[in-house]
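Participant: Have a look at this one.
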Amino acid sequence: MKQSKRHLLWLWFLCWFSCAGLAQEPDKMEWTYTTRPNDSLQSIGERFLAPNRGWDALMRYNSLNDAWSLTPGTQLRIPVAWLRHYPQSASLLNLRGKVWLRKAHTSHYVLATQEAKLEIGDEIKTDEGAALVGFADGSELTVSRQSIVIFNTLTHYGDTGMVDTRLRLLRGKMQQKVTPRRGPASRYEVSTPSAVAAVRGTAFRLRATSEVTVAEVTEGVVEVSNATASRKLYKGQGATVGSGSAFYEIQLPEAPEVSASAVYNAAPVKLSWAPVTNATAYVIEVFKGDGKELPVFSQQIDAPLVELPDLGNGDYRLLLRAVDPGGLEGVDTEVRFRVEQKAEPAQLITPLTGALLREPRPVFRWRLDTPTQMSSLEISADPQFTALYTRTPFSSISSAQAERNLNAGEYFWRIATLAGGDDFSYSESRRFTILGKLDDTHVIAVNYFEEKAKVFWKSVANADRYILQLAEDEFFNRVIEEQQVEKTSANLRLTPEKTYWIRIRPVAGPLYSSNFGATQAVRIEP
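Below you can see the structure in the form of structure tokens.
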């Protein structure tokens, strides 16, 4: 029964609101056009009138005697209902997190994409995400998390500059910056389950549940109505509006007074301000540049001071407002500042200059005196670093290994430092040498012919020659022959019925070390 009464009350409210605005419906409104040189009724009709209206109707409506000459400055009255009008889509300018879009006349949601077009009847729903919507006249709407918005009307009256935009906030929070309305048919209106907010150019915030709507005006004037009252709210005023007769006007908290530097050369940026009377919290939003973006940082805090995260270099706009005990948010203070962090060179630790290293992936260590800066290890084959062998991703750690094994040879290493996302610095460079170690080899075959034996062994990468030793004992205390060959085979002359032992060591340049491989017994049978 209670729900039925509430439903009837809401229907009565809609009827009341429609009747209250009857005089402003398009079929009762007129738009005035001031003629210019070279204007004619024909050109004006082609430019402004709907296809089913001709210029002769303008002549009769304005009681003109001469259709072929118009004096510049003549005031032509044109019924709004006669004007050319068409739907004008809105655009999703920016998204953060998951935002869902339900197109008109469909029942399922899809993930919204940036620059997607919003048509009449479309609905967007934010879970933990947020969306920035742009309209054809430059108005902007920010939809916060856990919100549902339906786009009921998106009408554009051609070259007249008049736009009719009507939205429905089912639940959640939205912030609007509305381009000033021009002409009698211009409208920007938001309805909620308990109220209607109409504006002609302003900035305001709305929060809505199924029972209550909270309006907060930060610029201009907003007319807020429910089933029993309609009141104008000016800058610095707010209201809590119920679906019944509840309508409470409230003075919003004053804008905080913030003292901030124009330029910050180090992160993090710290701000403080004098406490606002009766404020229990503060809301901070930081935007990068003046573009159409969502906040890069947003937070509600209890104390009148904040330490912003590492924002990166660039221009920023900060909005700060107080929150009263009832949760109403006040007028914003805007602070503009620039972050200009300078990268500082890292201090190299190990390896030292001229170090001889046997590991193919040695560990490099350095020190950064500024913890917010990031660094990257660079290794090059030349001191000018024109032939980079490896470069690690920028990170906050101060040690790293080469991303792949280093071949034996001479190299140079240094540390690139990054601050603020766009300022670089480089440390001194150090020379080091990687000493390689050749793999062991072993005999793979021995062919015997009379008193000769031909020995074959496995080739080794980077070896340019091999040393073969022949001994009379398996411990190679009595080496009787040593050959240095470039191939992977050698001929030996052996005494029949006597056992010998052979072993092979690969050899390369001075940067490589190597060992003899496994021993192999050889014997010529009679």
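Quick note, the sequence shown lines up with residues -23 to -1, 1 to 503 if you use mature numbering (1 follows the signal peptide of the UniProt record, and there is no 0). The beta carbon of each residue, even a glycine, is placed where N, CA and C say it ideally should be.
1) Looking at the structure shown, is residue 57 part of a helix, part of a strand, or coil, going by DSSP?
2) Does the pairing of the region 413 to 424 with the region 450 to 459 give three or more beta-carbon distances under 8 angstroms?
3) Cutting at 7 angstroms between CB atoms, please list the residues of its own chain near residue 242, excluding the five before and the five after it.
4) In this structure, how does DSSP classify residue 1 when only helix, strand and coil are distinguished?
5) Would you identify the three-state DSSP class for residue 305, choosing helix, strand or coil?
6) Using a Cβ-Cβ cutoff of less than 6 angstroms, which residues in the same chain neighbour residue 187 once the five nearest sequence positions on both sides are dropped?
7) Taking the straight line between their C-alpha atoms, what separation do you get for residue 410 and residue 381?
8) Are residue 263 and residue 225 touching if we call contact CB-CB under 9 angstroms?
9) Do residue 110 and residue 163 have their C-beta atoms closer together than 9 angstroms?
10) Got a sec? Which residues, its chain only, sit under 6 angstroms from residue -20 by beta carbon, not counting five neighbours each side?
11) How big is the Cα-Cα spacing for residue 47 and residue 160?
12) Can you give the Cα-Cα distance for residue 219 and residue 175, rounded to whole angstroms?
13) Taking C-beta to C-beta, are residue 354 and residue 392 nearer than 9 angstroms?
14) Under the three-state reduction of DSSP, which class applies to residue 144: helix, strand or coil?
15) One question on the structure: do residue 153 and residue 167 come within less than 9 angstroms of each other, judged by their Cβ atoms?
16) Does the region 44 to 63 touch the region 12 to 26, meaning 3 or more C-beta pairs lie closer than 8 angstroms?
17) Sorted by chain position, which residues of the same chain lie with C-beta nearer than 7 angstroms to residue 31's C-beta, five sequence neighbours on each side aside?
18) Can you tell me where the beta strand (DSSP E) with residue 100 in it begins and where it stops?
19) Should the region 130 to 142 be called in touch with the region 280 to 298, which here means at least 3 C-beta pairs below 8 angstroms?
20) By DSSP's criteria, residue 501 is part of a beta bridge. Which residues make up the other side?
21) Could you pull the DSSP bridge partners for residue 219 from this structure?
22) Whole angstroms is fine: what's the gap from residue 510's alpha carbon to residue 491's?
23) Using a Cβ-Cβ cut-off of 6 angstroms (strictly less than) and excluding sequence neighbours within five positions of residue 493, which residues of its own chain qualify?
24) Cα-Cα, which of 223, 258, 194 and 234 is closest to residue 248?
25) Which partner residues of residue 119 appear in the DSSP bridge assignment?
26) Counting only the same chain and skipping the five closest in sequence on each side, list residues whose C-beta sits under 7 angstroms from that of residue 452.
27) For residue 42 and residue 33, I'd like the C-alpha separation in whole angstroms.
28) Is it right to say residue 505 is buried, meaning 16 or more other beta carbons lie within 10 angstroms of its own, or is it exposed?
29) How long is the line joining the alpha carbons of residue 139 and residue 312, rounded to whole angstroms?
30) Any idea if residue 300 is buried or exposed, counting beta-carbon neighbours within 10 angstroms, 16 or more meaning buried?
31) List, from N- to C-terminal side, the beta strand (DSSP E) runs of 3 residues or more that fit wholly inside the region 435 to 494.
32) What is the C-beta distance between residue 179 and residue 194, in whole angstroms, given that I count them as a contact (C-beta under 8 angstroms)?
33) May I have the straight-line CA-CA distance separating residue 351 from residue 406, to the nearest angstrom?
34) Between the alpha carbons of residue 339 and residue 485, how many angstroms are there, rounded?
35) From residue 435 to residue 471, what does the alpha carbon distance come to, in whole angstroms?
36) When you compare only the Cα positions, how much space is there between residue 130 and residue 144?
Facilitator: With the given structure in hand:
1) Assigned with DSSP and collapsed to three states, residue 57 falls in helix.
2) Result no; under three Cβ-Cβ pairs closer than 8 angstroms.
3) So the qualifying residues of the chain are 317, 318 and 319.
4) Any reading at residue 1 needs caution, since the residue's pLDDT is 47, under 50, leaving its predicted position unreliable; the model's value is listed next. DSSP, reduced to helix, strand and coil, places residue 1 within a helical segment of the structure shown.
5) Coil, per DSSP.
6) Contacts found: 170.
7) Their backbone Cα atoms lie some 16 angstroms apart in a straight line.
8) Annotated as distal: residue 263 and residue 225, with beta-carbon spacing of 9 angstroms or more.
9) Taking 9 angstroms as the cut-off, the Cβ atoms of residue 110 and residue 163 do not count as close.
10) With a pLDDT of 42 at residue -20, under the threshold of 50, the modelled position of that residue is not reliable, and the figure given next carries that caveat. Same-chain partners within the cutoff: there are none.
11) The straight-line gap from Cα to Cα measures roughly 23 angstroms.
12) So the alpha carbons of these two residues sit roughly 17 angstroms apart.
13) Their beta carbons are under 9 angstroms apart, which means residue 354 touches residue 392 by this criterion.
14) Correct three-state label for residue 144: strand.
15) A contact, by the Cβ cut-off of 9 angstroms.
16) Touching, yes, given that three or more Cβ pairs across the two stretches are closer than 8 angstroms.
17) Within the same chain, residue 31 has close Cβ partners 22.
18) Boundaries of the beta strand (DSSP E) around residue 100: 100 to 103.
19) Taking 8 angstroms as the limit for Cβ pairs, the verdict is that the region 280 to 298 does not touch the region 130 to 142.
20) For residue 501, no pairing in a beta bridge is given by DSSP.
21) Answer by DSSP bridge pairing, in chain order: 189.
22) Outside the displayed range of the chain (-23 to 503) lies residue 510, so it cannot be described from this structure.
23) These residues qualify, in order along the chain: 480 and 482.
24) Cα-wise, what sits closest to residue 248 is 234.
25) The partner list for residue 119 (beta bridge, DSSP) reads 109 and 152.
26) Counting only residues of its own chain and dropping the five nearest sequence neighbours on each side, residue 452 has no CB closer than 7 angstroms to any other CB.
27) Taking the straight line from one Cα to the other gives about 11 angstroms.
28) In the structure as shown, the chain begins at -23 and stops at 503. Residue 505 is therefore absent and cannot be evaluated.
29) A direct Cα-to-Cα measurement between residue 139 and residue 312 gives close to 33 angstroms.
30) By the beta-carbon neighbour count (other beta carbons within 10 angstroms, threshold 16), residue 300 is buried.
31) Counting whole runs of 3 or more residues, the region 435 to 494 contains the beta strand (DSSP E) stretches 442 to 448, 456 to 462, 466 to 470 and 476 to 484.
32) The Cβ separation is near 7 angstroms, so the contact holds.
33) Near 18 angstroms, if we compare the C-alpha coordinates of residue 406 and residue 351.
34) Straight-line Cα distance between these residues: approximately 22 angstroms.
35) Rounded to the nearest whole angstrom, the C-alpha separation of residue 435 and residue 471 is 22 angstroms.
36) Just so you know, the alpha carbons of residue 130 and residue 144 end up roughly 7 angstroms apart.
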